[in-house]
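Protein chains in written order, with this note's numbering: chain A, 1 to 429; chain B, 430 to 858; chain C, 859 to 1329; chain D, 1330 to 1800.
All residues carry an ideal CB built from backbone N, CA and C; glycine is no exception.
Here the structure is laid out as C-alpha cells; the discussion comes afterwards.
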Amino acid sequence: MARFTPHTEADLEEMLGAIGVESLDDLFADVSPKHEGELKLPPPLSEHEALADVNELAKRNAAGLPVFVGAGAYDRIIPSAISAIIGRGEFLTSYTPYQPEVSQGHLQVVFEFQSVISELTGLEVSNASVYDGSNAVAEAALMTARLTKRDPKVAVSKGLNPRYREVVETYGVEVVELPFDGGTTDFSEVPEDVSGVFVQSPNFYGIVEDVEAASKAAHGVEALCVAVCDPISLAVLESPGALGADVAVGETQPMGIPLTYGGPYAGYMATKKEFVRQLPGRIAGETIDEEGRLAYVLTLRGREQDIRRAKANSNICTNQALTALSATVYAALLGPEGMSEVAELSASKAHYLADRLQASGIWLRYPDAPFLWEFAVEFDDVEQVNAALLESGIVGGLDLGDGAMLVAVTEKRTKKELDAFVEVVANAL
Amino acid sequence: MARFTPHTEADLEEMLGAIGVESLDDLFADVSPKHEGELKLPPPLSEHEALADVNELAKRNAAGLPVFVGAGAYDRIIPSAISAIIGRGEFLTSYTPYQPEVSQGHLQVVFEFQSVISELTGLEVSNASVYDGSNAVAEAALMTARLTKRDPKVAVSKGLNPRYREVVETYGVEVVELPFDGGTTDFSEVPEDVSGVFVQSPNFYGIVEDVEAASKAAHGVEALCVAVCDPISLAVLESPGALGADVAVGETQPMGIPLTYGGPYAGYMATKKEFVRQLPGRIAGETIDEEGRLAYVLTLRGREQDIRRAKANSNICTNQALTALSATVYAALLGPEGMSEVAELSASKAHYLADRLQASGIWLRYPDAPFLWEFAVEFDDVEQVNAALLESGIVGGLDLGDGAMLVAVTEKRTKKELDAFVEVVANAL
Amino acid sequence: MPFNLIRDKGREGRRGYTLPGFDVEKIELSTALPEKALRSEKPHLAEVDEPTAIRHYTNLSRQNWGIDTNFYPLGSCTMKHNPRANEQAAATPGFAGLHPHQPEEQTQGALQVMHELQGFLAEISGLPAVSLQPMAGAQGELTSILMIRKFFEDAGDHGRTTVIVPETAHGTNPATASMASFKAVEVGLDEHGCVDVDELRAMVDETTAALMITNPNTCGVFERNIKEISDVLHEAGAFLYMDGANMNANLGRMRAADAGVDVMHFNLHKTFSTPHGGGGPGSGAIACSDALAPFRPDPVVEKRADGFALVRPEKSIGRMAAFHGNFGQILRAWNYIKMHGPELKDVTDMAVLNANYVRAKLGGTYRVPYDELCKHEVLVQPPKGKKALDIAKGLIDHGFHPPTIYFPLVVKEAMLIEPTETESKETLDDFVGAMLELAETEPEELEAAPTHAPTRRLDETRAARQLKARW
Amino acid sequence: MPFNLIRDKGREGRRGYTLPGFDVEKIELSTALPEKALRSEKPHLAEVDEPTAIRHYTNLSRQNWGIDTNFYPLGSCTMKHNPRANEQAAATPGFAGLHPHQPEEQTQGALQVMHELQGFLAEISGLPAVSLQPMAGAQGELTSILMIRKFFEDAGDHGRTTVIVPETAHGTNPATASMASFKAVEVGLDEHGCVDVDELRAMVDETTAALMITNPNTCGVFERNIKEISDVLHEAGAFLYMDGANMNANLGRMRAADAGVDVMHFNLHKTFSTPHGGGGPGSGAIACSDALAPFRPDPVVEKRADGFALVRPEKSIGRMAAFHGNFGQILRAWNYIKMHGPELKDVTDMAVLNANYVRAKLGGTYRVPYDELCKHEVLVQPPKGKKALDIAKGLIDHGFHPPTIYFPLVVKEAMLIEPTETESKETLDDFVGAMLELAETEPEELEAAPTHAPTRRLDETRAARQLKARW
Ligand SMILES: Cc1ncc(COP(=O)(O)O)c(C=O)c1O
Ligand SMILES: Cc1ncc(COP(=O)(O)O)c(C=O)c1O
C-alpha cells in the first residue's frame, strides 16, 4: 500500500463491495491501452531514507557560500518569521480561493500583495502574481499589443535582462533593439509600430535608467511604456507610475523568497486602472458579505481562461500564491524604512566594492553610469577569476561572455567578504 | 528601541502622558537600589547576524554523525510531520491551559498523551509530563514515601541509570543498593523499611529485567514497585502494570524528540487509579461544557502547588508540554505496529552488531543476558577506541569508566554504519 | 471579528525587522544617483512590529481552510495530502540557498535531482524526453503547443492553423491554443462524455496542428478511444497532446506513449503532491516523443561523462522561464516519487477506488451523468430543483470544502468531486452523509448557507462594479 | 464540530509512518527474550494514516489560543512575543542532533553557548556564579533552596529548619520549601503589598535558612525595602533568595546582587522569551553568590585553556537533571539576549510602561489595591459586585486571553494583568476598552460568557468526581 493512503484490507473489501466490483483491476476495465507490469522506478524509500538522499545530494551543491552573482535573483536576508507564516497548513495546503467564504485569509493576503505592489510601483492596480519576472515581462508585452491593438512588437535594449528578452521571444513577440550606450538605453528613436517600449531600471548592468524618457518615447508613438523594476529598488527610486510608465513588472524574489536554484519566485504586474481589463491573472477585490461585513473575493473574472477560454487575456491559472505571500510578509516586516535600508546597505556595499576594485586597477565597464548594487567589471579571463574565487569559498559574478563579469552585492555581504573578494581578484590577475 | 517592541516616540509620549509621568526613568522611581549605567553585554545583533553566529557555533559540534551512544537519550528517526505540528503558533506560544475554553487543543493533546502513556505502561492514570526521565524517577521516589507514609528510601541496583540515581539522591531520597549480577538485579532481599523498589527494564546495560520479581519483592515489604521503562520498549515488552508495578516512569525522548544536547525532553509518570491523588503534576480530565459538549480540563488540582502550596505533591508548575506533544504525535504516526517495528529494527541491528563484535574477538560484558538494543562491550582503552571511531566519523559508545563501553543501536543505524563500527573497532585493538 | 489590513495595524516609525548595521561607509543615494531618479514620497507600506505581523498573518491563516484542516475534494485539482517530508526537503539549505546562475560544477546535486525526475516522468509517461521548466500546468500546455508550432515551422509546414479541443476541456486548453497563435476549434462528445471520434475524424485535416485531450477527461471518464484518436491525428500529420492534470488516475495503469500521445504535461503540484499554496506555485513538466524532443525549452539536463549539464535542445523554442522553473516543486515531486517508486500504482488505484465509492454512494440521490466506472473523480448533478452552488455552500456548514462546481461546462449544475487517495473511508462516508442530507434540505435553508463560515456569501457583483483592489 | 480523539479516527492496520526496511536479519524477540517478558496484548494506540494525524492535530491547534493569535496578558507569566529567530536557532541540525553524552571535544559549540549565557545572566543579576540546569522556575527554586540547605550542612549548622515566604508568594515557593524539607512559614505584608519588614525582623532567627522574595512581587509592586530585608537576613546568617519570575521588570534597572540577593532563579521562558509551548518546556537557570557557588548542581561550564569543559562544582548538591537541562531553551535565551544586548533595558522599560498605562486607564473603574507605580504587571479588582472569573470569561468573547485571576491570594478577586513589552498601544487600548465595557455589562450576560469560544464554561467538578483521564 502506498505511503499516504489510509485503506486497510477491510476498507478495500467494503468499498469494492459498495461499488460492485471484484477487484481493483476491475476499476480499470475501461482503460485501454493498459499498462501491464511494474513501473521501472527505484524501490520506494521511507521518509528517513529519502531525506537522507536529499541531504547527500545537497552536499554536492556549493550552497552557503557568499554569493556575488545576481542577474535576476539576489541572495538577500530573509526574516525567519516568513517561513513560520508560509508553513501554516491553511496557507500551504489550500488552493485558489474559488470558495471565498473559507478562503478569506488567502484572499486578504492577495489584496495586501496587490496593495504593496501598487504602492511600490505607483500604479493603481496589480494582480495576484505570475510565474516569475520573465513571464511578467512577456505577459506585459502581450498586454501592450491588446491595449494598442497592434501586433505584439516591443522595443527593448541590452539593458533588459537577456533571460527576460528570451522569454518574450518564446511567447511570439517581435523584439526590436534600441541603442545601448555607456550603460543606458537611448530612447530617442523608437519605431512607430511597436506596441510597447520596455525599460528596465536598474537595468541588467545595475544602472538606473531614465524611465521618464522611455515613457515619453513610448507615448510619442502611441505605444505603452513598460518598466521592469526590482521591487527593492522601488523603496528608494521614483516609482515607474510617477515617471509615466503604463505598466510595471518584475520579480519579487528579492522580497523574502529563497534562491532555491531559480524558483519558485513570483512575478508581479501593475498597471493603470483604465487598463485593468487587459491584466492577466487573478485579482482580489474588496466587497461585503450578506451581513455587510468587509470581505475579499476574486474579481473581474471575465479576463480569465476558465470564463473566457480562448478569448482570455492569458492561459494562466495556477500562479505563485505562496511565494507572493512571502513577499507580502516581507513588506510588512521591513516596511518602507526597512526596504530602503536594504537598498542603501546594498548600494553602499556595492560602491565600496567597486571603489576597492578600481583602486586595485580593475576597470568597471561603465564607470560613469549611476548604479545601485550591481555592476560589470572587466577581466581578460572571467572563468579563471571565478575559479580563484570559488577556491576561496566565494561564488563570483556572472560571466557575461565578453570579457566582463556582472557583480551583485546585497546587504547580506559583509565587509570581510567584500575585502576577501578584492584580495582574491587582485591576486588572480 | 528593543527588537520586538512596537512603540514609536509618539506612542511613548502619549502613554507617559496618560500615566502622568515625565520620563521612563520616573517609572522606576520606587526601585532601589537602582542599577545605573549600561549592562555589559555584547552589542545587539540583528537576527541575521545572531543566526550567523548560531551556524558558526553549530559547526563546532560534531553533530550529524552516526551515534552509538545512548544511556538515556537515543538517536532515533523523527517523522517530519512532528515539527510541523509543534511549530503551530497556537501550540508553541500558549501556556498552561488555565482557561480551558480557549485551550481545548492543548488539553486534548494532554489527554491523548496520558492515554498513550497509560496504554504503554498498562496503568490507569498518568500525568501531563515532568521535566525529564530522571525527575520522573525522583518524583516517583517521593511519591512512594507519601503513599507508604514512610521516609523516602528506595532500593535500586546498578541497573538503574546512574544519572537517575543521582537525581533521586539530590532530591533527598535515601538509596539502598540491591545486588546486581550477570546483568540483572537480584530482588530476593529487599530491606523492610523502603518506600519503593525500583526496577529499570531494559536496564542501564540494555538488559530486560524481571519486573514481576521486583513487584513481588516490593509488595512483600509493603512498599511500592516503580518500573522505569523506555516507552519504545513497551511496544514489545509486557507492560509494567501487567507485571505488578504500582508506578511506571521514564523518558519519552525516544518518541520523536530531538537529542538537542540533553533537552528539552519529557518525563512520564503513570500509576494505579487508587494512587492518583499522590501523582505530582498536571492531569487533564474529560468533562462537559454548559451545552453538554465533551471537553477537557485540568483536574484534581488540589494536588498542585498553586492550590495546596506547602502541602502540594510537588512544586512542579511549568512542565514539558510541547515535547510531550511531540511524543503524542509520534505515537499517532507510528501506532502500535510502527513502535514495535522500531523496537524490532533496533534490537535486530543491535544483535547483529553484538554478534559481529563477538566474532571479531570482542567480549560482551554480559554475554548471557537478554538485551534489546543496548549492550556493554569490554575494551582495555575505551577512550582510544572512541577516538578511532571519531576519526572515522562515528560517535562511539558511553565510556563506563571501568573498561567497558555501553553501545546503543537504534533503527536509524544502517548496516553500513554497523559494519564500519566493527571494522574500526577491530582495527583499533 | 474585524480583520483589518496590515497597514491599519501600524504606525509610522514601527519596524518589524532589524538589519545589520553599515560596516562600510554609507553612500548617499542623492549623490550617487540623479536627483530625479529618487523617490519623492515613500511608499505607504505597513509599518508594524514583528509581533503584530505574526499575529496578523496567523489569524488570517485561521480564516482559511486547507487540506490540513478539511476534506477538500476540489475536482480537477487533486488536493491530496502534502507530506511534510517534501517541505523538509525543500528547506534543506544546500538547495534553498543555491543561486540559479551558479555554474554547473557547483550545482551537481540539484542537476541530479532534475535528471532523475526527468527519468521518472519519462518512465511514467513512456515518453522519452522531458522538460521540467514550465511553472504550472497551463505553462506546460503552452510549452507543448509552442513546440508543435515550432515543429511545423521547422518542417516548413505553414498550413497548420488550428488546434482542436473537446467541449469538456479545461479553460486553459483553448486559452493556450490562442496564446500560441492557433485557432481553437471545439469537438463534441459522445454519449460517454468522451471525444466523438467520428466528429473528430471529419474535422481533422491538413490545417490541424494538434488535438488537446485530457485523459481521464474532465468528466472523470477515461477516453477509451484514445488510441484511435491518436491514429486519426497521426494520419493527418497532426499531434496528440495530452493534458495530464488528471494523471492521478493513470499512474502505472496507463502510459501516454502507448496511447499514441506525442506530448503531455504533468501537474507536479497535483499528481506528485507539491502543496498548492493557496493557488500556487505549481509545476507543469512536459514529456514528449523523440520527434518533438529537439524543440523542448532551454535548458534540459543531460548526463555527461564529467557530470550533469544544462543543455539547450537543438531546435529549442527558447526559454519559458528566467531560470530552471520552479525547482522547489521539482525537488518535492522527485522526493514524493522516490518515497513511492512503483507503488505509485497504488496511489492511482486508491484514488480511483475512492472516487467510485463516492459515485456508488451518491448515485440514486444525485444524478450521475456518465454513470459508469469513473476514474479519480466523479461528476454529479444535484437532485432536480437544487443548485450546485447551494449544495456547495451547504457543504461548508458541514465542514467540507466544496467540490469544483459548474465545470466542466457541458453538464448543467456540474459538481466535480475528486476525493484523492489520501482520504479515509470514514471521511468519505461523512462527506456522503452530508451530501445526502443536503439533498433533502429545504431550499431556503440551503440558500442561506454558509452560516458557520468566516463570512456569509459575498457580493461578487459589487467587487467588480466598484473595483477596489488595493488599500 | 465533533473533535474525536485520535484513536477514534483510526482503524486497525493503518500506518502513519514508514520505517526503513530490515537491512540485517530480523531477530525474533520471542527467541531473544524470555517469553514472559513480551507483551501479551498490543497497546491500544491510534492506528491512523499521516493525513489523518496532521489534520487532527492541526484542527486541535485551531481550538487553542496563543500569543500568536491573541493578546495574552497572563500575569506572572510574561507572555511576550516569541521571535521566530529562536526557533530557527533551535532547529539548527548542529545543535538539534547533538547527543548529551558526546564528549566535550565534540560539543564545544554547545558549551560555548552555555558559557556565554552563564556570563550574560551573571551580568544581568550581578551574581557571579550561574547554573543553567534547572528545567523550569520551580526547579530553579528547588535548586537554590537545596544549595542553601547544603551550605548549612556543610557549615555544620543543623538548626536551620525554616524558610520564610511572603503571603503573596507564588505557590511554587512554599512547595519548594517543603520539598527541600524546610518548614515554610509566612510573613505578612505592609500597606504597599510588600514584605512587612518589622514582622520579618521579628521572625528571623537562627532557625531561618532563607527568605524567598519575589521582586517585583506578585502584586506587581517593587519590594522597595529589599536591601533592608537582605540585611536582616544576613545579620541572622540566613540567605535571601529571589524568585526571578518577574525579571522582565528589572533588566538593566536593578541587579539582584546590589540588593543583597544571594541566589535567584530566572525563568528563561518568560524573561528571555523561549516559547511557553502550552505549558512548557521552560528553563529555570539560577545565579548565586560566591558563597553558594560551590553548591551548584553538576555540571557547570568552565572555560579552560583547551576549551570549554563541564565541571562538577566542589560541593555540588548533585544533579537536578539527567543531562544539562533544557538546552534548547538555553540556546533560545542566549540568542534572544544576543539580539538585545544592553537594549534589554528597553525591554523592561516598555514592559513597565505598558503595565502602568493599563493601570492608568483601568483605574477609576477597576479597583487598584496598590495604586502606585506598578512594574511589569498590574493587579486590579473588578468593580464591586463583579467577579474576576466573569470578567475573564467575558474577555474571551472580546478576543482577549484573560489575565491571571485569583492570584495572588492576598487580594480578593485578583486580576493580575501583564501586558509585556511586545504589545502595541492599540492593542492595549482595545483591551482596556473591552475591560471597561465588561465593567458595565449585565451580570447575567457576563455569567453566560464565553459564548464565542470553542466551548462554553466547563463542569470542573464533574471532571474531578468522575475522573476520566485517558481513553
Ligand atoms: C484539466 C486541467 N488542465 C490544466 C490545468 C491547468 O493547470 P495549472 O493550474 O497548473 O496551470 C488544470 C488546473 O486546474 C486542470 O484542471
Ligand atoms: C512568581 C513565580 N514564581 C515561580 C514560578 C514557577 O516557574 P515555573 O512555572 O517555570 O516552574 C512562576 C510561574 O508561573 C511564577 O509566576
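Just list the beta strand (DSSP E) runs in the stretch 201-228 of chain A, keeping only unbroken ones of 3 residues or longer that don't cross its boundaries, in chain order.
Qualifying beta strand (DSSP E) stretches, in chain order: 224-228.
Can you check whether the C-beta of P1331 of chain D is within less than 7 Å of a C-beta belonging to chain C?
Unreliable positioning characterises P1331 of chain D in this predicted model, as indicated by a pLDDT of 43, which lies under 50. The coordinate reading is nonetheless provided below. Answer no: the Cβ-Cβ gap between P1331 of chain D and chain C never drops below 7 Å.
Do you know how far the Cα of T414 of chain A is from the Cα of G1585 of chain D?
Before going further, note that residue 1585 of chain D is Ala rather than Gly in the sequence given. Looking at the two C-alpha atoms, the distance is approximately 39 Å.
Is the beta carbon of D297 of chain A sitting closer than 7 Å to the one on P162 of chain A?
Residue 297 of chain A is actually Val in this sequence, not Asp. It is not a contact, given that the beta carbons lie outside the stated cut-off.
Who are the near neighbours of L65 of chain A in its chain, counting only those whose CB is closer than 7 Å to its CB and skipping five residues on each side?
Excluding its 5 nearest sequence neighbours in each direction, L65 of chain A has C-beta neighbours in its own chain below 7 Å: G393, I394 and V395, listed in chain order.
Pair every Cβ in the stretch 336-344 of chain A with every Cβ in the stretch 1047-1062 of chain C, then say whether three or more of these pairs are closer than 8 Å.
The stretch 336-344 of chain A vs the stretch 1047-1062 of chain C: no contact.
Would you say T1802 of chain D faces chain A, with C-beta separation under 7 Å as the test?
With chain D covering 1330 to 1800 only, the question about residue 1802 of chain D has no answer from this structure.
What separation, rounded to the nearest whole angstrom, lies between the Cα atoms of L536 of chain B and H1410 of chain D?
Going by the C-alpha atoms only, they are around 22 Å apart.
Flag this pair as touching only if the stretch 678-693 of chain B and the stretch 503-521 of chain B have three or more C-beta atom pairs under 8 Å; answer yes or no.
With a cut-off of 8 Å, the stretch 503-521 of chain B and the stretch 678-693 of chain B count as touching, because enough Cβ pairs lie within range.
Shell residues, 6 Å Cβ cut-off relative to heavy atoms of ligand 2:
Result (chain order): B:C746, B:T747, D:S1405, D:C1406, D:A1465, D:G1466, D:A1467, D:H1499, D:T1501, D:T1543, D:T1547, D:D1572, D:A1574, D:N1596, D:G1611 and D:G1613.
Give me the residue from B:G601, B:D580, B:G611 and B:A574 with the minimum Cα distance to K587 of chain B.
K587 of chain B has its Cα closest to that of B:G611, out of B:G601, B:D580, B:G611 and B:A574.
Minimum Cβ-Cβ distance from N944 of chain C to chain A less than 7 Å:
No, its Cβ sits nowhere closer than 7 Å to a Cβ of chain A.
Cβ closer than 7 Å: which chain B residues qualify as neighbours of T1501 of chain D?
The contacting residues are Q734, N744 and C746.
Taking a cut of 8 Å between CB atoms, which residues from the stretch 496-521 of chain B lie near chain A?
Listed in chain order, the positions of the stretch 496-521 of chain B with a beta carbon within less than 8 Å of a beta carbon of chain A are I506, P508, S509, A513, G516, R517 and G518.
Closer than 6 Å: G70 of chain A CB and nearest ligand 4 heavy atom
Of the ligands one can find in the structure shown, namely ligand 1 and ligand 2, none is ligand 4.
Taking 7 Å as the threshold (C-beta atoms), are V1492 of chain D and A1538 of chain D in contact?
Yes, Cβ-Cβ distance for A1538 of chain D and V1492 of chain D is below 7 Å.
When you compare each of B:A779, B:P471, B:V566 and B:F627 to E1357 of chain D by their alpha carbons, which one comes out closest?
When each option's Cα is compared against that of E1357 of chain D, the closest is B:A779.
Specify, as a first and last residue, the run of the alpha helix (DSSP H) that A510 of chain B falls within.
Taken as a continuous stretch (DSSP letters only), the alpha helix (DSSP H) holding A510 of chain B covers S509 to I515.
Could you say which of A:V69, A:E56 and A:F28 lies nearest to L389 of chain A if we only look at CA atoms?
Here the closest residue by C-alpha is A:V69.
Please say whether V626 of chain B and A656 of chain B have beta carbons closer to each other than 7 Å?
For A656 of chain B and V626 of chain B, no; Cβs fall outside 7 Å.
In angstroms, rounded to a whole number, what distance separates the CA positions of A849 of chain B and N815 of chain B?
Roughly 13 Å separates the two Cα atoms.
Anyone know if the C-beta pair for F1736 of chain D and F1760 of chain D falls short of 7 Å?
No.
Interface residues of the stretch 1696-1725 of chain D facing chain A [CB-CB below 8 Å]
Correct list: empty, as no residue qualifies.
Opposing strand residues paired with S134 of chain A [DSSP bridges]:
As DSSP reads the structure, S134 of chain A sits in no beta bridge.
With 7 Å as the threshold, decide whether the Cβ of M444 of chain B is near any Cβ in chain D.
M444 of chain B counts as touching chain D.
Using the C-alpha atoms, what's the distance from G241 of chain A back to A895 of chain C?
About 13 Å.
Give a yes or no on whether 7 Å exceeds the smallest Cβ distance from I1087 of chain C to chain D.
With 7 Å as the cut-off, I1087 of chain C does not count as an interface residue toward chain D.
Which residues in chain D have a C-beta closer than 9 Å to the C-beta of E908 of chain C? List them in chain order.
Those within 9 Å of E908 of chain C in chain D are H1410, P1412, R1413 and T1751.
Reducing DSSP to helix, strand and coil, say where T1034 of chain C ends up.
Three-state result, T1034 of chain C: helix.
Taking DSSP as the reference, what is the three-state secondary structure of F704 of chain B?
Three-state DSSP puts F704 of chain B in a helix.
Can you check the stretch 1518-1585 of chain D for any alpha helix (DSSP H) of at least 4 residues that lies completely inside it and give the ranges in chain order?
1526-1532 and 1555-1564, all fully within the stretch 1518-1585 of chain D.
Identify whether A699 of chain B lies in helix, strand or coil by the three-state DSSP scheme.
Of the three classes helix, strand and coil, the one that applies to A699 of chain B here is strand, per DSSP.
Buried versus exposed, by CB contacts within 10 Å (16 or more), D440 of chain B
Under this definition D440 of chain B is a buried residue.
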